[in-house]
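K.L.:
The structure is given below, and queries will be raised subsequently.
Number of protein chains: 2
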Amino acid sequence: MNPSHPINAVILAGGSGTRFWPLSREAYPKQMLQIVGEDSLLRETIKRIHGFVPPKNIWIVTTEDKAQDIRLHLETLGPLSKEIQFINEPLGRNTAPAIGLAAICLNHLFPESIMVVLPSDHAIPDTMKFLSDLRLAIQGAQKDYLITFGIKPIRPETGYGYIKIAEFPKKKMKGLLKVDRFFEKPDLKTAKKYLSHGGYFWNSGIFVFKTSKILTEIQNHLPSLYDALKKMECGPIVSNGLDKSPIPKSAIRNPKWATLYANVEPISIDYGIMERSRDVMMVPATFKWSDLGSWVALDEVIDKDKNGNILKGNTVDIGSQNSTVIASKRLVATIGLKNMVVVDTPDATLVTPKERAQEVKKVVETLKQNNREEHLIHKTVERPWGSYTVLEKGEGYKIKRVVLKPKARLSLQLHRRRSEHWVVVSGTAKVTREDQVYLVHTNESTFIPIHTKHRLENPGEAPLQIIEVQNGDYVEEDDIERFSDDYGRPITQ
Amino acid sequence: MNPSHPINAVILAGGSGTRFWPLSREAYPKQMLQIVGEDSLLRETIKRIHGFVPPKNIWIVTTEDKAQDIRLHLETLGPLSKEIQFINEPLGRNTAPAIGLAAICLNHLFPESIMVVLPSDHAIPDTMKFLSDLRLAIQGAQKDYLITFGIKPIRPETGYGYIKIAEFPKKKMKGLLKVDRFFEKPDLKTAKKYLSHGGYFWNSGIFVFKTSKILTEIQNHLPSLYDALKKMECGPIVSNGLDKSPIPKSAIRNPKWATLYANVEPISIDYGIMERSRDVMMVPATFKWSDLGSWVALDEVIDKDKNGNILKGNTVDIGSQNSTVIASKRLVATIGLKNMVVVDTPDATLVTPKERAQEVKKVVETLKQNNREEHLIHKTVERPWGSYTVLEKGEGYKIKRVVLKPKARLSLQLHRRRSEHWVVVSGTAKVTREDQVYLVHTNESTFIPIHTKHRLENPGEAPLQIIEVQNGDYVEEDDIERFSDDYGRPITQ
Numbered sequence: 001m002n003p004s005h006p007i008n009a010v011i012l013a014g015g016s017g018t019r020f021w022p023l024s025r026e027a028y029p030k031q032m033l034q035i036v037g038e039d040s041l042l043r044e045t046i047k048r049i050h051g052f053v054p055p056k057n058i059w060i061v062t063t064e065d066k067a068q069d070i071r072l073h074l075e076t077l078g079p080l081s082k083e084i085q086f087i088n089e090p091l092g093r094n095t096a097p098a099i100g101l102a103a104i105c106l107n108h109l110f111p112e113s114i115m116v117v118l119p120s121d122h123a124i125p126d127t128m129k130f131l132s133d134l135r136l137a138i139q140g141a142q143k144d145y146l147i148t149f150g151i152k153p154i155r156p157e158t159g160y161g162y163i164k165i166a167e168f169p170k171k172k173m174k175g176l177l178k179v180d181r182f183f184e185k186p187d188l189k190t191a192k193k194y195l196s197h198g199g200y201f202w203n204s205g206i207f208v209f210k211t212s213k214i215l216t217e218i219q220n221h222l223p224s225l226y227d228a229l230k231k232m233e234c235g236p237i238v239s240n241g242l243d244k245s246p247i248p249k250s251a252i253r254n255p256k257w258a259t260l261y262a263n264v265e266p267i268s269i270d271y272g273i274m275e276r277s278r279d280v281m282m283v284p285a286t287f288k289w290s291d292l293g294s295w296v297a298l299d300e301v302i303d304k305d306k307n308g309n310i311l312k313g314n315t316v317d318i319g320s321q322n323s324t325v326i327a328s329k330r331l332v333a334t335i336g337l338k339n340m341v342v343v344d345t346p347d348a349t350l351v352t353p354k355e356r357a358q359e360v361k362k363v364v365e366t367l368k369q370n371n372r373e374e375h376l377i378h379k380t381v382e383r384p385w386g387s388y389t390v391l392e393k394g395e396g397y398k399i400k401r402v403v404l405k406p407k408a409r410l411s412l413q414l415h416r417r418r419s420e421h422w423v424v425v426s427g428t429a430k431v432t433r434e435d436q437v438y439l440v441h442t443n444e445s446t447f448i449p450i451h452t453k454h455r456l457e458n459p460g461e462a463p464l465q466i467i468e469v470q471n472g473d474y475v476e477e478d479d480i481e482r483f484s485d486d487y488g489r490p491i492t493q
Numbered sequence: 494m495n496p497s498h499p500i501n502a503v504i505l506a507g508g509s510g511t512r513f514w515p516l517s518r519e520a521y522p523k524q525m526l527q528i529v530g531e532d533s534l535l536r537e538t539i540k541r542i543h544g545f546v547p548p549k550n551i552w553i554v555t556t557e558d559k560a561q562d563i564r565l566h567l568e569t570l571g572p573l574s575k576e577i578q579f580i581n582e583p584l585g586r587n588t589a590p591a592i593g594l595a596a597i598c599l600n601h602l603f604p605e606s607i608m609v610v611l612p613s614d615h616a617i618p619d620t621m622k623f624l625s626d627l628r629l630a631i632q633g634a635q636k637d638y639l640i641t642f643g644i645k646p647i648r649p650e651t652g653y654g655y656i657k658i659a660e661f662p663k664k665k666m667k668g669l670l671k672v673d674r675f676f677e678k679p680d681l682k683t684a685k686k687y688l689s690h691g692g693y694f695w696n697s698g699i700f701v702f703k704t705s706k707i708l709t710e711i712q713n714h715l716p717s718l719y720d721a722l723k724k725m726e727c728g729p730i731v732s733n734g735l736d737k738s739p740i741p742k743s744a745i746r747n748p749k750w751a752t753l754y755a756n757v758e759p760i761s762i763d764y765g766i767m768e769r770s771r772d773v774m775m776v777p778a779t780f781k782w783s784d785l786g787s788w789v790a791l792d793e794v795i796d797k798d799k800n801g802n803i804l805k806g807n808t809v810d811i812g813s814q815n816s817t818v819i820a821s822k823r824l825v826a827t828i829g830l831k832n833m834v835v836v837d838t839p840d841a842t843l844v845t846p847k848e849r850a851q852e853v854k855k856v857v858e859t860l861k862q863n864n865r866e867e868h869l870i871h872k873t874v875e876r877p878w879g880s881y882t883v884l885e886k887g888e889g890y891k892i893k894r895v896v897l898k899p900k901a902r903l904s905l906q907l908h909r910r911r912s913e914h915w916v917v918v919s920g921t922a923k924v925t926r927e928d929q930v931y932l933v934h935t936n937e938s939t940f941i942p943i944h945t946k947h948r949l950e951n952p953g954e955a956p957l958q959i960i961e962v963q964n965g966d967y968v969e970e971d972d973i974e975r976f977s978d979d980y981g982r983p984i985t986q
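Heads up: the protein sequence lines correspond to chains A and B, in order.
Here the first sequence stands for residues 1 to 493, numbered as in this note's numbering.
Here the second sequence stands for residues 494 to 986, numbered as in this note's numbering.
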């Protein structure tokens, strides 16, 4: 493209996404799920744009608390993942501040550049068509338009916002349509009207504009946000030595800024800017798209069997129709379901008619109120060094399967209220126990007494798998003192 | 009651009951489930009759392969359970042969006695009313009638057989009604006709008669069964020394008899005798009753909440109606279900509309065809010495929680293809490993190498709980050589 307008892709990955509970959790949001296509939604989003812009021009905007999990999640992308950069919000304030923050940073680094704003949790099966539409959009952005992507509606959907195009546009541009107005999610009657009237499109949430242009629009329409952003000005990215080290751990980490950012109005880019700007043009998308706003949205992008069912994992079905059953290893047997969704995970199962799938929010709300943890984490928890799965928790004990990546090691640590037995079931472990360092091979075991400094390490080239039996009057995760850690996690002493 | 007619209760417990899958399994049939009331259906059946007849006059009729599991299951009844006697069928041949076998044995032991035949898997919430009706029935049986119990229908149920009472009975007896005919499970139209016509009752499957009378009827209506039974004549119960030892391990264990019994026609007592006999009277039951023929039948005997739901275990529900959700420890979240059944167990979940709950048979059939084991056993398997639960099985390893009853011990055994690590999480273990015998306390562990003779024992007064990590290329239950066993299980060498 035009070298005078370098292009950056800004991927919005701050969502916590309870709408795909129980598969998504607070610590494992929707963009990390592999539900459509061959990889997670976030990684697919990166793959889709990778090649069109170089990895060092791909930016992930997310909140500080999610950044490490997301970086871990990207590791399977290989070397590419190391070049992707993060812009960390101190906390989530909806899309206008997130895009504003990215714009102020990128405008500083690349004046007059173009930014492509991509949600991280949408499904777009056809990359070629998407990139072809994107080229059109960039041409519009170069002419100082705010470009959106509109999806031609195929039914009176009430779950999306709508874009109305102008019937008699004064400004015209090849392949682009002038936008008249944006509309919020309509009721069914209104959605039907939009569909029959024509000229209405679904709002995909994908945007392209110059950083300078969006900042001008923010200055005009959200002046207080603009003021806050100006005070931030993204100095640290540069002063943190971005040019030397392409991966600042956190592009934004400044207590003063956290307060500034916390006080900006949480508002979406649609309401805050798009609805108010006069310079909005729309690309009528030629690609298939779903925002995967709920379990029902899977229907749009996953192929169904001849009875209209989507059956994944360990399922046995007798005569269901138009139903979605997502199982894991455990067996889910279904009989004669009609328009139902069943989702099974190791610690929680959801059963709902499709028409009420949106109410999964209420389930998550109930779990929060009851201080449960089924909405927070999965039984398997990803860590920088690998993962662990809680197999069972009983009175005075807890059993975990722990998997270490090759060459990875846990922190040097100590527990005040539990001892641990480790049985190696595959690979070889290098164990540090106070002053001793020794190897434990497959089918051997070792014991870490209470109050004993220890470290588990995988010196090998294959994953190390151990079964850990914890014994003690208290076997929770917060009984840990860290003395040294490879992953920059807080050290207790 | 009349001492000249001693009374024996015969509890039919041979069913495998797949209709309550996934809660019931082949190795854990419906009568062992605690789904209604405070104890399992079988134990409730015993408690209901206990006091009316002494424990030594309670007989369990079941098949040999189920007898040990059932005896274990009865242990929680305390000393009473040791007096209950078993009549073991070589294999299941439906109710007429089972009742015939019991009759021939009991007639031999107690000539002119009365037998009360009770299914082991029905729910009868009101014991007082049941016993009062039973007294009436016994009076009829003393007069050489075959007595049945009829339940007044409250809806046109197609899942039960029906009894039609005679409109102009020639023989009359206080409180008893003369039976005209038995009918098989009707279609809906016929069931509606029965209901509006009146004079039709549900057939409860509970019967009372003299042993001599039922044998005469079998001789008349099922002569070949009678011939087979005559050859069996129940000698072994006596020759096994019943009078000395009240608990013959297996009342019937004779290869010749197994062949005889295998060749009798499998037929129900209803079709084989009751429909054909002229001497059948019915007690119109005053008690509530359900045969628990399917998940839907729970509705008849479990109190529902104000929305018509039955919610058990770890559930979160948002606005369901007339639905049954049976959960265990894992969370089951349901939204807006109507007339549905959801049953969750550690290894399998069932979701079905109530109207199709009978089709759970088809699920079980599918599992059988695919050589799965979710229809055979639970993750937790009861053993004479306690129980084990498979927590996880992976490539080359398997993890179990093993619980030993106080003073119990496993067999002296050896595995050819796996080693075992044991971590004691509560109690103290006495371990035999080849020539060594040693104690392993809570929070200690030990290792049993491959090819090593070993035995695990609980010397204490409280349950012993260990976590066992098995390592090997083959970690199935059949890799076991037993050298000595406290529970009479087959010794390999």
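Built from N, CA and C at the ideal position, the CB exists for glycine as well.
Just reading off the alpha helix (DSSP H) that phenylalanine 694 of chain B is part of, what are its end residues?
P.N.:
Segment 693 to 703 is the beta strand (DSSP E) holding phenylalanine 694 of chain B; no alpha helix (DSSP H) there.
K.L.:
Quick check: alanine 166 of chain A and aspartate 180 of chain A, are their CB atoms within less than 8 Å of each other?
P.N.:
yes
K.L.:
Using DSSP with H/G/I as helix, E/B as strand and the rest coil, what is proline 54 of chain A?
P.N.:
coil
K.L.:
Histidine 415 of chain A and valine 469 of chain A: beta carbons closer than 8 Å?
P.N.:
Judged by beta-carbon spacing, valine 469 of chain A lies beyond the 8 Å limit of histidine 415 of chain A, meaning their Cβ atoms are not closer than that value.
K.L.:
Where do the ends of the beta strand (DSSP E) carrying aspartate 69 of chain A lie?
P.N.:
Where aspartate 69 of chain A is concerned, there is no enclosing beta strand (DSSP E), although the alpha helix (DSSP H) it sits in stretches over 64 to 74.
K.L.:
On a CA-only basis, which of A:Val440, A:Leu439, A:Ala462 and A:Leu376 is nearest lysine 405 of chain A? Give me that one, please.
P.N.:
A:Ala462
K.L.:
Express the C-alpha separation of histidine 498 of chain B and histidine 1023 of chain B in angstroms, rounding to a whole number.
P.N.:
Here chain B covers residues 494 to 986 and nothing more, so residue 1023 of chain B does not appear.
K.L.:
Could you say which of B:Ala591, B:Tyr881, B:Met725 and B:Ile617 lies nearest to serine 533 of chain B if we only look at CA atoms?
P.N.:
Comparing Cα-Cα distances from serine 533 of chain B to each of B:Ala591, B:Tyr881, B:Met725 and B:Ile617, the minimum goes to B:Ile617.
K.L.:
Let me confirm a value: aspartate 837 of chain B is counted as buried when at least 16 other C-beta atoms fall within 10 Å, else exposed. Which label applies?
P.N.:
buried
K.L.:
Could you tell me the alpha carbon to alpha carbon distance between proline 54 of chain A and isoleucine 60 of chain A, rounded to whole angstroms?
P.N.:
Each residue's Cα considered, the two are about 14 Å apart.
K.L.:
For tyrosine 931 of chain B, does the count of other Cβ atoms within 10 angstroms reach 16, so buried, or fall short, so exposed?
P.N.:
By the Cβ-count criterion, tyrosine 931 of chain B is exposed, with fewer than 16 other Cβ atoms from all chains shown falling within 10 Å of its own Cβ.
K.L.:
Using the Cα positions of leucine 368 of chain A and histidine 375 of chain A, report the straight-line distance between them to the nearest angstrom.
P.N.:
Note that residue 368 of chain A corresponds to lysine in the displayed sequence, not to leucine. Rounded to whole angstroms, the gap between the alpha carbons of lysine 368 of chain A and histidine 375 of chain A is 7 Å.
K.L.:
Relative to the alpha-carbon of glycine 920 of chain B, which residue among B:Met833, B:Pro942 and B:Val896 has its alpha-carbon at the smallest distance?
P.N.:
B:Val896
K.L.:
Taking only the alpha-carbon atoms, compute the straight-line gap between leucine 188 of chain A and glutamate 852 of chain B and give it to the nearest angstrom.
P.N.:
If you draw a straight line from the Cα of leucine 188 of chain A to the Cα of glutamate 852 of chain B, it comes to about 37 Å.
K.L.:
By DSSP's criteria, alanine 9 of chain A is part of a beta bridge. Which residues make up the other side?
P.N.:
A:Ile58 and A:Val116
K.L.:
Using only the alpha-carbon positions, how far apart do isoleucine 11 of chain A and leucine 350 of chain A sit?
P.N.:
30 Å
K.L.:
Mind reading off the beta-carbon distance from alanine 67 of chain A to asparagine 88 of chain A? Whole number of angstroms is fine, and I expect it under 8 Å.
P.N.:
5 Å
K.L.:
Under 7 Å between beta-carbons, which chain A residues line up against arginine 849 of chain B? List them in chain order, please.
P.N.:
Ile335 and Gly336
K.L.:
Please state the DSSP three-state secondary structure of threonine 808 of chain B.
P.N.:
Reduced to three states, the DSSP call for threonine 808 of chain B is strand.
K.L.:
So which residues of chain A does alanine 841 of chain B contact, with C-beta pairs closer than 8 Å?
P.N.:
Arg330, Leu331, Val332 and Ala333
K.L.:
Mind reading off the beta-carbon distance from phenylalanine 545 of chain B to leucine 624 of chain B? Whole number of angstroms is fine, and I expect it under 8 Å.
P.N.:
6 Å
K.L.:
Does the stretch 297 to 314 of chain A come into contact with the stretch 325 to 337 of chain A, if we say contact requires no fewer than three beta-carbon pairs (one atom in each stretch) closer than 8 Å?
P.N.:
They touch, by the three-pair rule.
K.L.:
In this structure, what does DSSP give as the bridge partners for asparagine 471 of chain A?
P.N.:
A:Tyr397 and A:Ser419
K.L.:
Can you find the residues in the same chain that come closer than 7 Å, C-beta to C-beta, to lysine 400 of chain A, ignoring five residues on each side of it along the sequence?
P.N.:
Non-local C-beta neighbours of lysine 400 of chain A in its own chain, meaning closer than 7 Å and more than five positions away in sequence, comprise Tyr388, Thr389, Val390, Leu391 and Glu468, ordered along the chain.
K.L.:
Once DSSP output is grouped into helix, strand and coil, what is the label at isoleucine 448 of chain A?
P.N.:
Residue state, collapsed to three classes: strand.
K.L.:
Whose C-alpha, out of B:Val917, B:Lys946, B:Val918 and B:Ser697, is nearest the C-alpha of glutamine 929 of chain B?
P.N.:
B:Lys946
K.L.:
Consider the Cβ of lysine 797 of chain B: report whether some Cβ of chain A lies at a distance smaller than 8 Å.
P.N.:
The Cβ of lysine 797 of chain B sits no closer than 8 Å to any Cβ of chain A.
K.L.:
So which residues on chain A does asparagine 936 of chain B lean against when the C-beta distance must stay under 7 Å?
P.N.:
Ser419 and Asn471
K.L.:
Measure the alpha-carbon distance for histidine 221 of chain A versus threonine 845 of chain B and round it to whole angstroms.
P.N.:
53 Å
K.L.:
Mark glutamate 457 of chain A as exposed unless 16 or more other C-beta atoms lie within 10 angstroms of its C-beta, in which case mark it buried.
P.N.:
buried
K.L.:
If you draw a straight line from the C-alpha of lysine 703 of chain B to the C-alpha of alanine 502 of chain B, how long is it?
P.N.:
12 Å
K.L.:
Pick out whichever of A:Pro156, A:Pro186 and A:Leu229 has its Cα sitting closest to the Cα of leucine 195 of chain A.
P.N.:
A:Pro156
K.L.:
Find the nearest neighbour of glycine 530 of chain B within the set B:Ser787, B:Leu830 and B:Asp619, judged by alpha-carbon distance.
P.N.:
B:Asp619
K.L.:
Name, please, each residue of chain A whose Cβ falls closer than 7 Å to the Cβ of phenylalanine 940 of chain B.
P.N.:
Ser445
K.L.:
Are there 16 or more other CB atoms within 10 angstroms of the CB of glycine 668 of chain B, so buried, or fewer, so exposed?
P.N.:
exposed
K.L.:
Got a sec? Which residues, its chain only, sit under 7 Å from glycine 654 of chain B by beta carbon, not counting five neighbours each side?
P.N.:
Phe675, Phe676, Glu677, Lys678, Asn696 and Asp763
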